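Participant: One structure, as structure tokens, below. Some questions next.
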Amino acid sequence: MRLLLIEDDVNLCQQLTGDLRQRGYAVDASMQGVDGAFMGESEPYDIIILDLGLPDLPGLQVLQQWRSKGIKTPVLILTARSAWHEKVEGFRAGADDYLSKPFHIEELCVRLQALIRRSSGLTNAAIEIGRLRLDEEEQTASWTDPESALAASIELTGIEFRLLRYLMLHPKRIFTATHLVEHVYDYNDEKESNVIEVYVSRLRKKLGKDVICTRRNQGYYLDPDALQSHT
Amino acid sequence: MTSLNQRLSLSLAASLALFFIAQTLMIGNEVETLSEQNLVSRLEHDQEELLAALNWQPPAAPELDLSRIPVIYQRPFSGHYFQITATDIKLQSRSLWDEELAPQSEALARDVIGPHGQHLLMLSRDFTMSGQRLNIRIAEDISHIESTTAAFQRHLLLFAAAAMLVLLLLQGSVILYSLKPLKSIRRQLGQLEKGEIEQITTPAPSEIMPLVEEVNQLLQLMQRRLTRSRHALGDLAHALKTPLAVIGQIVQRHPDGVDQPLLLQQLKHIEQRIEQELVRARTAGRMPGGLWPEPLRDLNDMTNMLKQVFPAITIKLKVDNRISIAADREDMMEIFGNLIENACKWATSQVSCSIRQQHKSLCIIIEDDGPGIDESAYQSLLERGARADESKPGHGLGFSIVQEIISAYDGTITLSRSSGLHGLQVNITLPQP
């Protein structure tokens, strides 16, 4: 999940960036409204956290700018004022959710996950396709067994988790390796050309060969039918 | 203090009445005196004529040259009489017939009863002729003069009364006309109270123009001050809460620290305190010119927003299309936002918000189908910072913030169990101008 964080306070910005990276987001941060607005327009983010109290360009204006240009990325606004009229104005400008400062990082993550699921058209509380369930807190995957409540969890590395979450949020859709790189790595990460290929094969090793399919010369996709039964 | 209209009307009417009464009395009196003077001078004249017509060479009997006496004295009971008396002689006009004019103590006697009960004015004077003293009494019936004078006085009184009535009416309309600007200002003040207008725009007479200008200026000042302080508070909030958020995250990153629970608790106290004071400072409260411009649009957007955040909850908004709420927009949004969001957090699937306009008040009911709370906890929930349950996220100040704002509007808030949805029901009454 590519995430853009626009927050003018240096410390909060650094804190949040670290915390969110740990929780499996590819985070790009900007401390200025103008830069942030440009990044939001030029990079394919999956979600944006926008502080309304930016010194150079009001957050609401940034949001309006994006929406008028047709950028539909879900946006969560942060407000220090925690005034309701501001939240409603943010909503009118096109925000999808709000959070008042100060907040707990857990709450922010719950809101982000909900927002991402909502924008992918999912209604359940957890990401689960067939028998494969993704635990966003633990960053693990597991096969649910209808006969026993116990499910063996499969450890995932940071990038594996990001990749699997992205594919599970958009099942059946075919993504090129470049597209996947853009949504799994942040702007400053070192990206090697065959990195997606490597991680796809690692996921196949952990979850099963037919979970992620390759369509030659087009890309990768997740096959939900293969997840209905697992041996 | 009575109204200006009443004061002016009363004092003007009193002065008018005083003037007319004095005038009527004076003129009536004057007319009476004047006609009497006229009469007396004629009688004196006639008296002298009589003296001239009298030929008396004592000891011969006195003789009157009748041709020199006006004929009116010859006609019986004509109302004009004379009588000449000397020591043993009595001459009297034919008009007296066999009556006589009784002597009176004063030279000019009023109210003398004459023949046929006539009301006479009598003039009596002593003369000396050829060494003999004689007395000439001359009298005239004044009843017709008295009746004409009385009629005149009556007419005068009638005229005065009519004139006073007309003048009073005229004066009433003049007062109404002059007080018209005051009346329109009063109407505008009422509108101002209801929030229909923001400034007094009616042209005022120069006497009260300074007052109107002062009111307008105060209103502007109030509005500007509110905007400025809200702006400053927003900046302050941003400046305080961002570092607080950082501190909170740093503290949470060290769960093994011994002081962590205490630090978190203290941090929470600071957050709550800041939030509460900011909300209190931000509240506009009841003030003239306050009106929520588009309550329905704001409420619809707010519920749509909450529906996005709480997709499992249906929020029913029961608000009249033509509702008008005389209160500050930001204050009201704070109330509705906090209460509806809270209801959404606890509801299983339904939240309902209804606003009804009653006579001079606004009745707001927000209910949910959640578990509700125990009756004994109602009071503590409305008190500062108390929370019924710590399990839901949020700073838990919702109710006390709402309580604070409502008291700034002299409103009331009560909690009860919803009869329809069986969860918590919040009832708010806001007085409206």
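Chains A and B, in that order, give the protein sequences.
177 is the number that my numbering gives to position 164 of the first sequence; each next residue is one higher, with no gaps.
145 is the number that my numbering gives to position 126 of the second sequence; each next residue is one higher, with no gaps.
All C-beta atoms, glycine included, are put in the ideal place defined by N, C-alpha and C.
No experiment lies behind these values; they were computed from the predicted model shown.
Counting along the chain, where does the alpha helix (DSSP H) carrying SER426 of chain B start and finish?
Facilitator: Counting along the chain, the alpha helix (DSSP H) containing SER426 of chain B begins and ends at 417-427.
Participant: Exposed or buried, what is ARG341 of chain B when buried is set at 16 or more other beta-carbons lying within 10 Å of its beta-carbon?
Facilitator: Answer is exposed; the Cβ neighbour count stays below 16.
Participant: Please report the distance separating the alpha-carbon of GLU150 of chain A from that of GLN218 of chain B.
Facilitator: Near 57 Å, if we compare the C-alpha coordinates of GLN218 of chain B and GLU150 of chain A.
Participant: Do ILE293 of chain B and LEU336 of chain B have their CB atoms nearer than 7 Å?
Facilitator: Their beta carbons are not under 7 Å apart, which means ILE293 of chain B does not touch LEU336 of chain B by this criterion.
Participant: For PRO115 of chain A and chain B, any beta-carbon pair shorter than 7 Å?
Facilitator: It does; some Cβ of chain B falls within 7 Å.
Participant: Taking all protein chains shown into account, decide if CYS382 of chain B is buried (16 or more other Cβ within 10 angstroms of its Cβ) or exposed.
Facilitator: That one is exposed.
Participant: Under 7 Å between beta-carbons, which chain B residues line up against PHE174 of chain A? List them in chain order, please.
Facilitator: Within chain B, no residue comes near PHE174 of chain A; the closest Cβ sits about 21 Å away, beyond 7 Å.
Participant: Can you pull the chain A neighbours of LEU449 of chain B, defined as C-beta to C-beta under 7 Å?
Facilitator: Those do not exist, as LEU449 of chain B stays about 17 Å from chain A at its closest Cβ, beyond 7 Å.
Participant: Could you give the C-beta distance for GLN302 of chain B and ALA427 of chain B, rounded to a whole number, given that I count them as a contact under 8 Å?
Facilitator: Residue identity differs from the one stated: residue 302 of chain B is Thr in this sequence, not Gln. Sure, about 5 Å apart at Cβ, within 8 Å.
Participant: Going by beta carbon distance, what residues of the same chain come within less than 8 Å of GLY276 of chain B, once the five residues before and after it are set aside?
Facilitator: If we look at GLY276 of chain B and ignore the five residues flanking it on each side, its Cβ neighbours are VAL270, LEU282.
Participant: My understanding is that SER203 of chain B touches THR221 of chain B, with C-beta atoms under 8 Å, so please give their C-beta distance in whole angstroms.
Facilitator: Contact holds; Cβ gap of about 4 Å.
Participant: Is the segment 226-239 of chain B touching the segment 188-206 of chain B in the sense that three or more CB pairs, one from each, lie closer than 8 Å?
Facilitator: Flag = yes, the segment 188-206 of chain B and the segment 226-239 of chain B touch.
Participant: For ASP408 of chain B, count the other beta carbons within 10 Å of its own beta carbon; 16 or more makes it buried, fewer makes it exposed. Which is it?
Facilitator: For ASP408 of chain B, the predicted structure reports a pLDDT of 49, less than 50, and the residue's modelled location is therefore unreliable. A value from the coordinates is still provided. Counting Cβ neighbours within 10 Å, ASP408 of chain B comes out exposed, since fewer than 16 surround it.
Participant: For chain B, check one thing: does any of its Cβ atoms lie closer than 7 Å to the Cβ of GLY66 of chain A?
Facilitator: Yes, GLY66 of chain A counts as interfacial toward chain B.
Participant: Which parts of the segment 310-369 of chain B are runs of the beta strand (DSSP E), unbroken and 3 residues or longer, counting only runs that do not cross its ends?
Facilitator: DSSP runs (the beta strand (DSSP E)) wholly in the segment 310-369 of chain B: 333-338.
Participant: Count the other C-beta atoms from every protein chain shown that fall within 10 angstroms of the C-beta of MET45 of chain B, then say buried if there are 16 or more, exposed otherwise.
Facilitator: Label assigned to MET45 of chain B: exposed.
Participant: From the beta carbon of PHE51 of chain A, is the nearest beta carbon of chain B less than 7 Å away?
Facilitator: Judged by the 7 Å Cβ criterion, PHE51 of chain A is not in contact with chain B.
Participant: Which residues mark the beginning and the end of the alpha helix (DSSP H) in which VAL90 of chain B is found?
Facilitator: Per DSSP, VAL90 of chain B belongs to no alpha helix (DSSP H) and is neither H nor E.
Participant: Assuming ILE332 of chain B contacts LEU358 of chain B (C-beta within less than 8 Å), just tell me the rounded distance between them.
Facilitator: With a Cβ gap of about 14 Å, ILE332 of chain B and LEU358 of chain B do not count as contacting.
Participant: So, under 8 Å CB-CB, ASP339 of chain B and ALA366 of chain B are touching, yes? Tell me the CB distance rounded to an integer number of Å.
Facilitator: Not a contact, Cβ separation roughly 24 Å.
Participant: When DSSP labels each residue in this structure, what does ALA407 of chain B get in the three-state scheme?
Facilitator: For ALA407 of chain B, the predicted structure reports a pLDDT of 48, less than 50, and the residue's modelled location is therefore unreliable. The matter cannot be settled from this model.
Participant: Less than 7 Å between the beta carbons of ARG80 of chain A and GLY107 of chain A, yes or no?
Facilitator: It is a contact, given that the beta carbons lie within the stated cut-off.
Participant: What are the boundary residues of the alpha helix (DSSP H) that includes LEU193 of chain A?
Facilitator: Per DSSP, LEU193 of chain A belongs to the alpha helix (DSSP H) from 190-197.
Participant: Identify, in the order they occur along the chain, each residue of the same chain with its Cβ nearer than 7 Å to the Cβ of ILE225 of chain A, setting aside the five sequence neighbours on each side.
Facilitator: Cβ neighbours of ILE225 of chain A beyond the five flanking positions: LEU180, VAL213, LEU216, ARG217, TYR233, LEU235.
Participant: Identify each residue in the segment 76-99 of chain A for which the Cβ-Cβ distance to at least one residue of chain B is less than 9 Å, and report them in chain order.
Facilitator: From the segment 76-99 of chain A, only LEU91, THR92, ALA93, ARG94, SER95, ALA96, TRP97, HIS98, GLU99 have a Cβ closer than 9 Å to chain B.
Participant: What residue from B:ALA170, B:ASP429, B:TRP75 has the CA that sits closest to ILE447 of chain B's CA?
Facilitator: Per the Cα distances, B:ASP429.
Participant: Residues of chain A with CB closer than 9 Å to the CB of MET306 of chain B, please, in chain order.
Facilitator: Residues of chain A passing the Cβ test: none, with the nearest at roughly 17 Å.
Participant: Would you give the residue range spanned by the beta strand (DSSP E) that ASN154 of chain B belongs to?
Facilitator: Note, ASN154 of chain B: beta strand (DSSP E), 151-160.
Participant: Determine the DSSP secondary structure at GLY276 of chain B, reduced to helix, strand or coil.
Facilitator: It is coil, neither helix nor strand.
Participant: Taking 7 Å as the cut-off, decide whether the C-beta atoms of ALA285 of chain A and TYR198 of chain A are in contact.
Facilitator: Because residue 285 of chain A is not part of the residues shown, which for chain A are 14 to 244, the question remains open.
Participant: Just to make sure I have the definition right: I need the residues of chain B whose C-beta is within less than 7 Å of the C-beta of LEU25 of chain A. Which are they?
Facilitator: Under the 7 Å cutoff, chain B gives THR261, ALA264, VAL265.
Participant: Taking a contact to mean a Cβ-Cβ separation below 7 Å, would you say GLY214 of chain B touches ALA36 of chain B in this structure?
Facilitator: It is not a contact, given that the beta carbons lie outside the stated cut-off.
Participant: Of the choices B:PRO450, B:ILE91, B:ARG243, B:ILE432, whose alpha-carbon is the least far from that of GLN398 of chain B?
Facilitator: Ranking B:PRO450, B:ILE91, B:ARG243, B:ILE432 by Cα distance to GLN398 of chain B puts B:ILE432 first.
Participant: Going by beta carbon distance, what residues of the same chain come within less than 8 Å of SER410 of chain B, once the five residues before and after it are set aside?
Facilitator: Unreliable positioning characterises SER410 of chain B in this predicted model, as indicated by a pLDDT of 49, which lies under 50. The coordinate reading is nonetheless provided below. Here the set comprises nothing.
Participant: Return the residues of the segment 25-39 of chain A that lie within a Cβ-Cβ distance of less than 8 Å from chain B, sorted by chain order.
Facilitator: Hits within the stretch, in order: LEU25, GLN28, LEU29, ASP32.
Participant: Would a check of beta-carbon distances place ILE118 of chain A closer than 7 Å to chain B?
Facilitator: By this cut-off, ILE118 of chain A is an interface position.
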